[in-house]
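Q: Provided herewith is a single structure, encoded as structure tokens, for subsequent inquiry.
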Amino acid sequence: MKIEASKVASFHYIVSDARGPVESSHDRGEPLAFLIGSGGLIPGLEKALMGRERGERFEVTVEPAEAYGERRENFTQRVPKKYFQQPEKLRPGMTTVLSVSGGGRRQVTVLKIGSSVIDVDLNHPLAGRTLKFDVEIVDVRDATPEEIAHGHAHGVGGHGH
Ligand code: ZN
4 MKIEASKVAS FHYIVSDARG PVESSHDRGE PLAFLIGSGG LIPGLEKALM GRERGERFEV
64 TVEPAEAYGE RRENFTQRVP KKYFQQPEKL RPGMTTVLSV SGGGRRQVTV LKIGSSVIDV
124 DLNHPLAGRT LKFDVEIVDV RDATPEEIAH GHAHGVGGHG H
């Protein structure tokens with residue numbers, strides 16, 4: 004079975020930038036599972052997965068435009084503390100996830116902490132970086148109707164409700 008839209012692909016990956024490894028699914032102990040075509044994957048990686056099958060291994064280099072975008076200068080915002088999950092645990096330089104208007108979630112980097120507000124950099128921590136993915140496809144299967152309705156994969160490596 005080949006990877007295409009409405010399939011669930013499970014894969015292990017190691018992502019590196021020019022400075023070395025950044026993140027690996029092996030640290031989590033289980034592969035990531037994605038519903039292909041749902042917009043959950045960066046475009047450059049999804050394109051590279053298309054048409055591949057279980058057991059394939061490959062490397063792909065993804066430019067910022069096809070990954071997390073270019074880094075924007077002065078892309079900062081002052082946000083009231085109440086919008087953070089555990090503001091008392093944050094320190095400058097840490098990354099955290101912020102819910103944004105429209106229902107999305109954005110990974111941000113803490114710049115400065117005030118008494119009632121926190122200044123954050125809205126650039127994704129990997130914005131502006133060319134990334135190399137080392138991928139091993141573990142499984143490819145049809146998505147269930149429920150997964151298609153939800154827009155994400157369930158089960159091991161997928162969305163746990
Ligand atoms: Zn779901």
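Under this note's numbering, think of the first position of the sequence shown as 4, with each following residue one higher. Ideal placement from N, C-alpha and C gives every residue a C-beta, glycine not left out.
So, is residue 138 buried or exposed, given that buried needs 16 or more other C-beta atoms within 10 angstroms?
A: For the purposes of this step, residue 138 is taken as the residue at position 135 of the sequence shown. Counting Cβ neighbours within 10 Å, residue 138 comes out buried, since at least 16 surround it.
Q: At what residues does the beta strand (DSSP E) containing residue 52 begin and finish?
A: The residue given as residue 52 occupies position 49 in the sequence shown. Careful: residue 52 lies outside any beta strand (DSSP E), inside the alpha helix (DSSP H) at 46 to 52.
Q: Touch check for the segment 70 to 83 and the segment 116 to 127: three-plus C-beta pairs under 8 Å?
A: Yes, they touch.
Q: Counting Cβ pairs, one atom from each stretch, are 3 or more of them under 8 Å apart for the segment 133 to 148 and the segment 47 to 60?
A: Enough Cβ pairs lie closer than 8 Å, so yes.
Q: Nearer than 7 Å: is that true of the beta carbon of residue 127 relative to any heavy atom of the ligand ZN?
A: Numbered from its first residue, the sequence shown carries residue 127 at position 124. It does not: the Cβ of residue 127 is nowhere closer than 7 Å to a heavy atom of the ligand ZN.
Q: Within the present structure, is the beta-carbon of residue 15 separated from the nearest heavy atom of the ligand ZN by less than 7 Å?
A: Taking the first residue of the sequence shown as position 1, residue 15 is located at position 12. Flag unset: Cβ of residue 15 not near the ligand ZN.
Q: In this structure, does DSSP put residue 62 in helix, strand or coil?
A: Along the sequence shown, one-based indexing puts residue 62 at 59. Note: residue 62 maps to strand in three-state DSSP.
Q: Which residues in the same chain have their Cβ closer than 6 Å to the Cβ of residue 16, if we skip the five residues on either side of it in sequence?
A: Working through the sequence shown from its first residue, we reach residue 16 at position 13. For residue 16, where only same-chain residues beyond five positions count, the Cβ hits under 6 Å are 28, 136 and 138.
Q: Could you compute how far the alpha carbon of residue 22 sits from the alpha carbon of residue 55?
A: Numbered from 1 along the sequence shown, position 19 holds the residue referred to as residue 22. Numbered from 1 along the sequence shown, position 52 holds the residue referred to as residue 55. C-alpha separation (whole angstroms): 28 Å.
Q: Rounding to the nearest angstrom, what Cα-Cα distance links residue 96 and residue 120 in this structure?
A: In the sequence shown, the residue the question calls residue 96 occupies position 93. In the sequence shown, the residue the question calls residue 120 occupies position 117. Cα to Cα, residue 96 sits roughly 16 Å from residue 120.
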